[in-house]
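Input: a single structure, listed below in structure tokens.
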Amino acid sequence: MWPFSAKPAPPLIRRLSSDHAPACAKLHAGAFHRGWSASEIANLAADSTVLAHVALDSAGREVLGFSMARHAASEAEILTIVIDAARRKAGLGAALLDAQLKALQDLGVVEVFLEVAADNPAALALYARYGFEKVGERKAYYARPDGPPSSALILRRAQLVS
Ligand SMILES: CC(C)(COP(=O)(O)OP(=O)(O)OC[C@H]1O[C@@H](n2cnc3c(N)ncnc32)[C@H](O)[C@@H]1OP(=O)(O)O)[C@@H](O)C(=O)NCCC(=O)NCCS
């Protein structure tokens, strides 16, 4: 059966460094209307209030996704999470979010907030799995070129509640 039955090696979750920034910028631009440049990403990663992780292939070479959160005292906000479009639905987003939430908890964070478009089922499913709940809504917040604007939902997770 080998090699056809071999499971792919698991991805590596590591801290994001400036070396990863160009690949992260490419992923971000592919996922969002207003992408972040490599220098914006490198600057954020160097900010002591920002926690940033990448998902790498098992060889540690290819950037498959990244996530960033800003923390202040006992609160944090997930700024972004992106997985390469060809690698989605394989558990990478969950692995990254898990790493971020654990690292935030180690920093003493007890509440995590984020903003997500109401028409983003993938992100909503990911956040629901980690216990995020809606605490607010900005109606018609995100313009959509081919339809009505989407609301922005504000979600919150209490770290110690599973
Ligand atoms: C949101 C995103 C990060 C999820 O990453 P991913 O690696 O595909 O997520 P996972 O494979 O870890 O899946 C996590 C959960 O979401 C669910 N999910 C993933 N994609 C989904 C989809 N398109 N529709 C419905 N559910 C979906 C999975 O089934 C899984 O749920 P489960 O644990 O109950 O089985 C990814 O879709 C992405 O990069 N999207 C573009 C950027 C984006 O929208 N970021 C969020 C901004 S707020």
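The opening residue of the sequence shown carries number 235 in our numbering; numbering runs sequentially from there.
Virtual Cβ for every residue (Gly too), placed ideally from N, Cα, C.
Just so it is clear, the structure is predicted and the values come from calculations on it, not from any experiment.
Handout entry: Distance between I275 and L360 (C-alpha atoms, nearest Å)
Key = As a working mapping, residue 360 is identified with position 126 in the sequence shown. As a working mapping, residue 275 is identified with position 41 in the sequence shown. Approximately 23 Å between the Cα atoms of the pair.
Practice task
For the alpha helix (DSSP H) holding P244, just list the boundary residues, first then last.
Solution key: Position 10 of the sequence shown holds residue 244. Per DSSP, P244 belongs to no alpha helix (DSSP H) and is neither H nor E.
Problem - Close beta carbons around P256, own chain, < 8 Å, minus the five adjacent residues each side - result: Taking the first residue of the sequence shown as position 1, residue 256 is located at position 22. The residues are A272.
Exercise for the section: Please determine, among A293, E349, D353, the residue with the shortest C-alpha to C-alpha distance to H302. Expected result: By one-based count along the sequence shown, residue 302 stands at place 68. The amino acid occupying residue 302 in the given sequence is Met; His does not appear at that position. Distance from the Cα of M302 is smallest, within the candidate group A293, E349, D353, for E349.
Problem - Euclidean distance between Cα positions of K373 and A293 - result: As a position in the sequence shown, residue 373 is number 139, starting the count at 1. As a position in the sequence shown, residue 293 is number 59, starting the count at 1. Spanning the two alpha carbons is a distance of roughly 43 Å.
Handout entry: Own chain, CB closer than 7 Å to D340, minus 5 neighbours either side, in chain order
Key = Counted from its first residue, the sequence shown places residue 340 at position 106. For D340, same chain residues with a beta-carbon under 7 Å away, outside a window of 5 residues either side, do not exist.
Handout entry: Closer than 7 Å: P244 CB and nearest ligand 1 heavy atom
Key = Within the sequence shown, residue 244 is the residue found at index 10, counting from 1. Result no, Cβ not under 7 Å from ligand 1.
Problem - Residues near A329 by beta carbon distance below 7 Å, same chain, minus five either side - result: Taking the first residue of the sequence shown as position 1, residue 329 is located at position 95. Excluding residues within five positions, the ones whose Cβ falls inside 7 Å are P245, I247, A289.
Handout entry: Helix, strand or coil at P382 according to DSSP, with G and I counted as helix
Key = Stepping through the sequence shown from its first residue, residue 382 is reached at position 148. Three-state result, P382: strand.
Practice task
Between the Cα of R378 and those of L261, A352, A357, spot the shortest distance and give me the residue it belongs to.
Solution key: Taking the first residue of the sequence shown as 1, we reach residue 378 at position 144. For R378, the nearest C-alpha among the options comes from A352.
Problem - Where F266 falls, given that 16 or more other Cβ within 10 Å makes a residue buried - result: The residue labelled residue 266 in the question sits at position 32 within the sequence shown. The residue in question, F266, is exposed, as its Cβ has fewer than 16 Cβ neighbours within 10 Å.
Practice task
Could you give the DSSP three-state label for R372: helix, strand or coil?
Solution key: Here the question's residue 372 lines up with position 138 in the sequence shown. Strand, per DSSP.
Exercise for the section: For A310, collect the residues of the same chain with a Cβ closer than 6 Å to its Cβ; drop the 5 residues on either side in sequence, then sort them by chain order. Expected result: For the purposes of this step, residue 310 is taken as residue 76 along the sequence shown, with counting starting at 1. Within the same chain, A310 has close Cβ partners A303, L338, V343, V346.
Handout entry: Pick from D332, K323, Q334 that is closest to P355, judged by C-alpha positions
Key = Counting from one through the sequence shown, the residue named residue 355 turns up at place 121. P355 has its Cα closest to that of K323, out of D332, K323, Q334.
Exercise for the section: Could you pull out every residue in the same chain whose Cβ sits closer than 8 Å to the Cβ of L220, ignoring the five residues on either side in sequence? Expected result: What is shown of the chain runs 235 to 396, which leaves residue 220 out entirely.
Handout entry: Length of the line joining the Cα atoms of A392 and R363
Key = Taking the sequence shown and counting its residues from 1, one reaches residue 392 at position 158. Taking the sequence shown and counting its residues from 1, one reaches residue 363 at position 129. Take the alpha-carbon of A392 and the one of R363: they are about 13 Å apart.
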